[in-house]
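Down below is the structure, laid out as C-alpha cells.
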Amino acid sequence: MPQPTPPSPVQEKTEKNNKLLFWLLAGTAVVVTSVALVLVFFLKGQSGVPAPSDPFIAQGQMLYNQNCSECHGEKARGDGPRAPTLKFQPADLVGHRGHHSDQDFLSILQNGTGFVMPSFKDKLTEEQMRQIIAYIRYLKE
Ligand code: HEC
1 MPQPTPPSPV QEKTEKNNKL LFWLLAGTAV VVTSVALVLV FFLKGQSGVP APSDPFIAQG
61 QMLYNQNCSE CHGEKARGDG PRAPTLKFQP ADLVGHRGHH SDQDFLSILQ NGTGFVMPSF
121 KDKLTEEQMR QIIAYIRYLK E
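Quick note on numbering: the sequence shown equals residues 1 to 141 in the working numbering.
Below is the structure:
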C-alpha cells in the first residue's frame, strides 16, 4: 500500500495564503457593502423630511402630505407631481410664508383662492389647518 505523501511545506504555505486571501476578500466585501448601505440610508434620509419631534407639527406633516404635497411638493416649494398639469403654478409656501400671518394662511385654507387652490373648509378642522401651518413654518428653507 503506497502511503499518501504528506503535503510539502511549500504546498502548506500556499494553502495558508489562499485562506488568508479568502478572508481578506470576504472582509473587504462586508466593509464595502456596509458603507454602501449606510450611504444609501443617509441619502434617503436627506431627500425626505424627517418626522418632527413636536406632535402638533408631526400631525401637520401627516395632513400636509395627505392634502397638499401633490400640488405644493413634499418640501412645500411649489413643485408637487401635479404641478405641471395645473393652470396656475402652486405657490412656493416656504418662500411665501414670510409674507403671511397664520390668520392669512388660515383664511386661504378655509376659502381657497378662487383659482386652482381648493377650499379645505369641509375637509379639515381649524385645528388641523393650524397644524399644517405650523408644519409649513417648521420646514427648512
Ligand atoms: C390642486 C392643487 C392644490 C392643492 C391640493 C393645494 N393647493 Fe395650495 N395652491 C395651489 C395653487 C395652484 C396655488 C396658487 C394660486 C391658485 O392658482 O389658486 C395655491 C396657493 C396656495 C396658497 C397661497 C400662497 C400665496 O402666497 O399666494 C397657500 C397658503 C396654499 N396654497 C396652501 C395650501 C395648503 C396648506 C394645502 C393643503 C391643505 C394646499 N394649498 C393644497 C394648488 C393647490
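By construction, the Cβ of each residue, glycine as well, lies at the ideal position given by its N, Cα and C atoms.
Everything numeric in this text was worked out from a predicted model, so none of it was measured.
Asked                                                                                                                              : Found
Considering Cα atoms alone, identify which of Thr28, Lys140, Ala36, Lys16 is closest to Val94.                                     : Lys140
What does the Cβ neighbour count give for Gln66, buried or exposed, with the cut at 16 atoms within 10 Å?                          : exposed
Hey, how far is the Cα of Ile133 from the Cα of Pro84?                                                                             : 24 Å
Can you check whether the CB of Cys71 is closer than 7 Å to the CB of Gly60?                                                       : no
Express the C-alpha separation of Ala76 and Ile136 in angstroms, rounding to a whole number.                                       : 7 Å
Going by CA-CA distance only, name the one from Gln3, Leu109, Lys16 that's closest to Leu63.                                       : Leu109
Per the contact definition of three or more C-beta pairs closer than 8 Å, is the region 109-128 in contact with the region 86-100? : yes
Check whether the Cβ of Val35 lies closer than 6 Å to any heavy atom of the ligand HEC, and answer yes or no.                      : no
Let's see if you can read the secondary structure: which residues bound the alpha helix (DSSP H) around Glu74?                     : Per DSSP, Glu74 belongs to no alpha helix (DSSP H) and is neither H nor E.
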